[in-house]
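Student: In order, the protein sequence lines correspond to chains A and B. The opening position of the first sequence corresponds to residue 50 in the working numbering, with each subsequent residue numbered one higher. The opening position of the second sequence corresponds to residue 50 in the working numbering, with each subsequent residue numbered one higher. From the three backbone atoms N, C-alpha and C, an ideal C-beta is built for every residue, glycine too. One structure is given below, represented as structure tokens, and several questions about it will come after.
There are 2 protein chains.
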Amino acid sequence: MEIAKLGEFGLIDRLTKDIAIKNASTVKGVGDDCAVLSYPDNQVLVTTDMLMEGVHFDLTYIDLKHLGYKSAMVNISDIFAMNGTPRQLTVSLAISKRFSVEDIEEFYSGLRLACDKWNVDVVGGDTTSSFTGMAISITCIGEAAKQDIVYRNGAKDTDLVCVSGDLGAAYMGLQLLEREKSVYYQQVEEARKKNDKRALEELSHFQPDFSGKEYLLQRQLQTEARGDIIQKLREAGIRPTAMMDISDGLSSELMHICKQSGVGCRIYEKNIPIDYQTAVMAEEMNMNVTTCAMNGGEDYELLFTVPIGDHEKIQQIDGVKLIGHITDAKFGQVLVTRDNQEFALKAQGWNPLS
Amino acid sequence: MEIAKLGEFGLIDRLTKDIAIKNASTVKGVGDDCAVLSYPDNQVLVTTDMLMEGVHFDLTYIDLKHLGYKSAMVNISDIFAMNGTPRQLTVSLAISKRFSVEDIEEFYSGLRLACDKWNVDVVGGDTTSSFTGMAISITCIGEAAKQDIVYRNGAKDTDLVCVSGDLGAAYMGLQLLEREKSVYYQQVEEARKKNDKRALEELSHFQPDFSGKEYLLQRQLQTEARGDIIQKLREAGIRPTAMMDISDGLSSELMHICKQSGVGCRIYEKNIPIDYQTAVMAEEMNMNVTTCAMNGGEDYELLFTVPIGDHEKIQQIDGVKLIGHITDAKFGQVLVTRDNQEFALKAQGWNPLS
Numbered sequence: 050m051e052i053a054k055l056g057e058f059g060l061i062d063r064l065t066k067d068i069a070i071k072n073a074s075t076v077k078g079v080g081d082d083c084a085v086l087s088y089p090d091n092q093v094l095v096t097t098d099m100l101m102e103g104v105h106f107d108l109t110y111i112d113l114k115h116l117g118y119k120s121a122m123v124n125i126s127d128i129f130a131m132n133g134t135p136r137q138l139t140v141s142l143a144i145s146k147r148f149s150v151e152d153i154e155e156f157y158s159g160l161r162l163a164c165d166k167w168n169v170d171v172v173g174g175d176t177t178s179s180f181t182g183m184a185i186s187i188t189c190i191g192e193a194a195k196q197d198i199v200y201r202n203g204a205k206d207t208d209l210v211c212v213s214g215d216l217g218a219a220y221m222g223l224q225l226l227e228r229e230k231s232v233y234y235q236q237v238e239e240a241r242k243k244n245d246k247r248a249l250e251e252l253s254h255f256q257p258d259f260s261g262k263e264y265l266l267q268r269q270l271q272t273e274a275r276g277d278i279i280q281k282l283r284e285a286g287i288r289p290t291a292m293m294d295i296s297d298g299l300s301s302e303l304m305h306i307c308k309q310s311g312v313g314c315r316i317y318e319k320n321i322p323i324d325y326q327t328a329v330m331a332e333e334m335n336m337n338v339t340t341c342a343m344n345g346g347e348d349y350e351l352l353f354t355v356p357i358g359d360h361e362k363i364q365q366i367d368g369v370k371l372i373g374h375i376t377d378a379k380f381g382q383v384l385v386t387r388d389n390q391e392f393a394l395k396a397q398g399w400n401p402l403s
Numbered sequence: 050m051e052i053a054k055l056g057e058f059g060l061i062d063r064l065t066k067d068i069a070i071k072n073a074s075t076v077k078g079v080g081d082d083c084a085v086l087s088y089p090d091n092q093v094l095v096t097t098d099m100l101m102e103g104v105h106f107d108l109t110y111i112d113l114k115h116l117g118y119k120s121a122m123v124n125i126s127d128i129f130a131m132n133g134t135p136r137q138l139t140v141s142l143a144i145s146k147r148f149s150v151e152d153i154e155e156f157y158s159g160l161r162l163a164c165d166k167w168n169v170d171v172v173g174g175d176t177t178s179s180f181t182g183m184a185i186s187i188t189c190i191g192e193a194a195k196q197d198i199v200y201r202n203g204a205k206d207t208d209l210v211c212v213s214g215d216l217g218a219a220y221m222g223l224q225l226l227e228r229e230k231s232v233y234y235q236q237v238e239e240a241r242k243k244n245d246k247r248a249l250e251e252l253s254h255f256q257p258d259f260s261g262k263e264y265l266l267q268r269q270l271q272t273e274a275r276g277d278i279i280q281k282l283r284e285a286g287i288r289p290t291a292m293m294d295i296s297d298g299l300s301s302e303l304m305h306i307c308k309q310s311g312v313g314c315r316i317y318e319k320n321i322p323i324d325y326q327t328a329v330m331a332e333e334m335n336m337n338v339t340t341c342a343m344n345g346g347e348d349y350e351l352l353f354t355v356p357i358g359d360h361e362k363i364q365q366i367d368g369v370k371l372i373g374h375i376t377d378a379k380f381g382q383v384l385v386t387r388d389n390q391e392f393a394l395k396a397q398g399w400n401p402l403s
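Here is the structure:
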């Protein structure tokens, strides 16, 4: 169905009509000038992210349902990174004429799947048109008791540096998708030159073979916010001293924590968690897997520091890896390689403005 | 300066380095995964708006400073429309390579001027690139005591319908700008056809003559949120029964209030406040001025209803006009013209998706 047929209010009605409010803190959701929330006991966490077509996502790789899911998850991840609980989300979408009502419903179904997973209420937003690419802006709101909030600036000398999950896979997933896309366009180009209609027909049903690489795709296309790790840390009685989520790459995020905490760090290459598929793919593409893990970005794993006294507790948590420790600022930010060489960390993370 | 030279974090540092927090509710502003706010006593209001280049604004009309100001004001306006006090704002910007650091500083200077006017803290955001047009997404957060919040759904039979300021001027301002733009391009086209280099040189310094129409331009380019009216209503001890801001046009907003409140309304054409310049411009352009006022949009005035018992109080408030009254739903939504004819209201407001 064409979106113009429904109009802005008709579309919003259709997208939001069966939203059931799940949180007591949501007093009023969609339908007025503002959403109304109530947080008498806890502090309120607010984060926002903008995703632009062609810069942050490519609709030849990712379908709208996954895109909706990922857009919500990357914002929910920021709430977890403060040791908070996500509660509400607003979503603004700008779309061009090429999208149908069903397309937008697909996007919303992915967004709401992510919200349902973490009990987040969709409380507002804006749906408008774009003359060019698609633009997505999401704001997520959460809560935490004042004493539970973990900032980036609390890391102390001797603290242990930990990460959840494994790193570099989302980046390798993107490399894989880009490689397949360029192979595809090359083949189309060749078939056109030869005017090979049969080849062109076959290419129109082209399905790249991703077997053995499913995990890389999943990490790129189906981002998960690590609320499970937050839960495990709570159960173990561990409160991180500093924390953030890894969106731009481990190096870049470590530098943020060190800068804001006024400390240095010492990270061991051999301890950086890397999945088997990531390592295989890096070799296939002739890339250094540690560089991919340090600078790849889009992992949305948690990077955090804990007091050295929590050493035993942290080692018992499944899915968390100890990768180094915090030092005095004068020692700088150091990566110790497998062969015991030392390098200063450099933030080569993804920079949308370079 | 090129933005790539600073990078994302350098640009954010530059834009946010001298932001001083003004509100006690702002615990932590820019610089972590989330902003942290504290609202122990009041409810929290959240609103968000997305503005797309070519759809919501045209950079040949509006400079970046005014655009920043307007982007903030239209969101602040939504907080006032709930009878709240705006406190925090996040801003996400997607920009193409053609913008310099100084351009973005211009945008921010306008945004912060609007925030300073209403004591709003800029607490976060996102700055990224766009392959095509500029995209702006703003979320504004405010507060209000639970009993003070005014929704759209509280209008009752016999309530008086009021609007602040005057209507239709912002729309006429847009018509004026579009007319001058098309005249300009016509002249350029003609000069090119004749290869008239002198005319082309003169046109490169083209300054349209807007004398006598300054108010229309101001209303289009320098949007003001009507916090002053909220203040006056409070001082007069008036609590509206329903309220919203007029962004899409009076007709459209009246229909929202009537639908959500389950009532009808009777609006008198002769009472609709219209500025002299709006009337002159409508005549010049051969447009019906009432239609412009009813459907023009972008006025950002307040539309609200008050109990009939507040009749005298409301008449003493400067800048508020009584335009009609609320009726039982069965009488529908009616516009009574100057010659006593009755028409059903139609929402012909601006629809970004049609």
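Kindly list the residues whose CB is nearer than 6 Å to the CB of residue 203 (chain A), restricted to its own chain and excluding five residues on each side of it in sequence; keep chain order.
Tutor: Here the set comprises 290, 291.
Student: Return the residue from the list B:161, B:142, B:298 that minimises the CA-CA distance to residue 212 (chain B).
Tutor: The option with the nearest alpha carbon to residue 212 (chain B) is B:298.
Student: Does the Cβ of residue 218 (chain B) have 16 or more other Cβ atoms within 10 Å, making it buried, or fewer, making it exposed?
Tutor: Residue 218 (chain B) is buried by the Cβ-count criterion.
Student: 8 Å is my cut-off, CB to CB: does residue 277 (chain A) come that close to chain B?
Tutor: For residue 277 (chain A), the answer is no, since every Cβ of chain B falls outside 8 Å of its Cβ.
Student: Counting only the same chain and skipping the five closest in sequence on each side, list residues whose C-beta sits under 6 Å from that of residue 302 (chain A).
Tutor: Correct list, in chain order: 293, 295, 352.
Student: Within 10 angstroms of the Cβ of residue 395 (chain A), are there 16 or more other Cβ atoms? Answer buried if so, exposed if not.
Tutor: With fewer than 16 Cβ atoms within 10 Å of its Cβ, residue 395 (chain A) is classed as exposed.
Student: Can you list, in chain order, the residues of its chain with a C-beta nearer than 8 Å to that of residue 363 (chain B)? Leave out the 5 residues immediately preceding and following it.
Tutor: Answer for residue 363 (chain B): 209, 211, 285, 287, 355, 369, 371, listed in chain order.
Student: Since I believe residue 269 (chain A) is in contact with residue 16 (chain A) (beta carbons under 8 Å), could you give me their beta-carbon distance rounded to a whole number of angstroms?
Tutor: This structure gives no information on residue 16 (chain A), because the portion of chain A shown stretches from 50 to 403.
Student: Between the Cα of residue 180 (chain A) and the Cα atoms of B:100, B:375, B:323, which residue gives the shortest distance?
Tutor: For residue 180 (chain A), the nearest C-alpha among the options comes from B:100.
Student: For residue 403 (chain A), which residues in the same chain have their Cβ closer than 8 Å to its Cβ, ignoring the five residues on either side in sequence?
Tutor: At residue 403 (chain A), the pLDDT of 49 sits below 50, so the modelled position is not reliable; the number obtained from the coordinates is stated separately. Closer than 8 Å at Cβ, skipping near neighbours: no residue.
Student: Taking residue 244 (chain A) and residue 170 (chain A) to be in contact with their CB atoms under 8 Å, please state how far apart those CB atoms are, rounded to whole angstroms.
Tutor: No, residue 244 (chain A) and residue 170 (chain A) are not in contact; Cβ-Cβ is about 55 Å, not under 8 Å.
Student: For a cutoff of 8 Å on Cβ pairs, would you count residue 103 (chain A) as touching chain B?
Tutor: Closer than 8 Å to some Cβ of chain B, the Cβ of residue 103 (chain A) qualifies, so yes.
Student: How about residue 281 (chain B) and residue 366 (chain B): do their beta carbons lie closer than 8 Å?
Tutor: In contact: residue 281 (chain B) and residue 366 (chain B) (Cβ atoms closer than 8 Å).
Student: Identify, in the order they occur along the chain, each residue of the same chain with its Cβ nearer than 8 Å to the Cβ of residue 115 (chain A), setting aside the five sequence neighbours on each side.
Tutor: So the qualifying residues of the chain are 159, 270, 271.
Student: In this structure, does DSSP put residue 94 (chain B) in helix, strand or coil?
Tutor: Residue state, collapsed to three classes: strand.
Student: Tell me the start and end of each unbroken alpha helix (DSSP H) in the stretch 302-329 of chain B that is at least 4 residues and wholly inside, in chain order.
Tutor: Counting only runs of 4 or more, we get nothing.
Student: How is residue 153 (chain B) classed by DSSP in three states: helix, strand or coil?
Tutor: Note: residue 153 (chain B) maps to helix in three-state DSSP.
Student: Determine the direct distance from the alpha carbon of residue 138 (chain A) to that of residue 305 (chain A), and round the result to whole angstroms.
Tutor: Distance between the alpha carbons of residue 305 (chain A) and residue 138 (chain A) is about 26 Å.
Student: Apart from the five residues on each side of it in sequence, which residues of its chain come closer than 7 Å, Cβ to Cβ, to residue 33 (chain B)?
Tutor: There is simply no residue 33 (chain B) to check, as chain B begins at 50 and stops at 403 in what is shown.
Student: Using only the alpha-carbon positions, how far apart do residue 119 (chain B) and residue 326 (chain B) sit?
Tutor: If you take the alpha carbons of residue 119 (chain B) and residue 326 (chain B), they lie about 21 Å apart.
Student: Is there a Cβ of chain A sitting closer than 8 Å to that of residue 88 (chain B), yes or no?
Tutor: Yes, residue 88 (chain B) lies at the interface with chain A (some Cβ there is under 8 Å from its Cβ).
Student: Can you list, in chain order, the residues of the stretch 164-188 of chain A whose Cβ is nearer than 8 Å to any Cβ on chain B?
Tutor: Answer in chain order: 172, 173, 174, 175, 176, 177, 178, 179, 180, 181, 182, 184, 186, 188.
Student: Is there a Cβ from chain B that is less than 8 Å from the Cβ of residue 196 (chain A)?
Tutor: Chain B contact via Cβ: absent.
Student: How big is the Cα-Cα spacing for residue 332 (chain B) and residue 338 (chain B)?
Tutor: When rounded, the distance between both Cα atoms is 8 Å.
Student: For residue 182 (chain A), tell me which candidate among A:224, A:145, A:52 has the shortest Cα-Cα distance.
Tutor: It is A:145.
Student: Can you name the start and end residues of the beta strand (DSSP E) that residue 211 (chain B) belongs to?
Tutor: 209-213 is the span of the beta strand (DSSP E), which, as asked, contains residue 211 (chain B).
Student: In terms of residue numbering, what span does the beta strand (DSSP E) encompassing residue 192 (chain B) cover?
Tutor: Residue 192 (chain B) -> beta strand (DSSP E) spans 184-193.
Student: Rounded to whole angstroms, what's the CA-CA distance from residue 38 (chain A) to residue 147 (chain A)? Just pull it up for me.
Tutor: Past the edges of chain A, shown from 50 to 403, lies residue 38 (chain A), and the structure says nothing about it.
Student: Can you round the beta-carbon distance between residue 143 (chain B) and residue 178 (chain B) to whole angstroms, since I take them to be within the 8 Å contact cut?
Tutor: That belief holds up - the Cβ atoms of residue 143 (chain B) and residue 178 (chain B) are roughly 6 Å apart, short of 8 Å.
Student: Closer than 9 Å, Cβ to Cβ, to anything on chain B: give me those residues from the stretch 129-145 of chain A, in chain order.
Tutor: From the stretch 129-145 of chain A, only 129, 130, 131, 133, 137, 139, 140, 141, 142, 143, 144 have a Cβ closer than 9 Å to chain B.
Student: Looking only at C-alpha atoms, which of B:359, B:105, B:82 sits nearest to residue 95 (chain A)?
Tutor: When only C-alpha atoms are compared, the closest one is B:82.
Student: So, with DSSP's three-state summary, where would you put residue 174 (chain B)?
Tutor: Reduced to three states, the DSSP call for residue 174 (chain B) is strand.
Student: If we ignore side chains and look at the alpha-carbon of each, how far apart do residue 379 (chain B) and residue 314 (chain B) end up?
Tutor: Going from the Cα of residue 379 (chain B) to the Cα of residue 314 (chain B) covers about 10 Å.
Student: Please classify residue 335 (chain B): is it buried, with 16 or more other beta-carbons within 10 angstroms of its beta-carbon, or exposed?
Tutor: Classification of residue 335 (chain B): exposed, given that the 10 Å Cβ count is below 16.
Student: If contacts are defined as beta-carbon pairs under 8 Å, then residue 373 (chain B) and residue 323 (chain B) qualify, I think. What distance do you get, rounded to the angstrom?
Tutor: At roughly 15 Å, the Cβ-Cβ gap does not stay under 8 Å, so residue 373 (chain B) and residue 323 (chain B) are not in contact.
Student: If we call anything under 8 Å between Cβ atoms a contact, is residue 193 (chain B) one with residue 92 (chain B)?
Tutor: Their beta carbons are under 8 Å apart, which means residue 193 (chain B) touches residue 92 (chain B) by this criterion.
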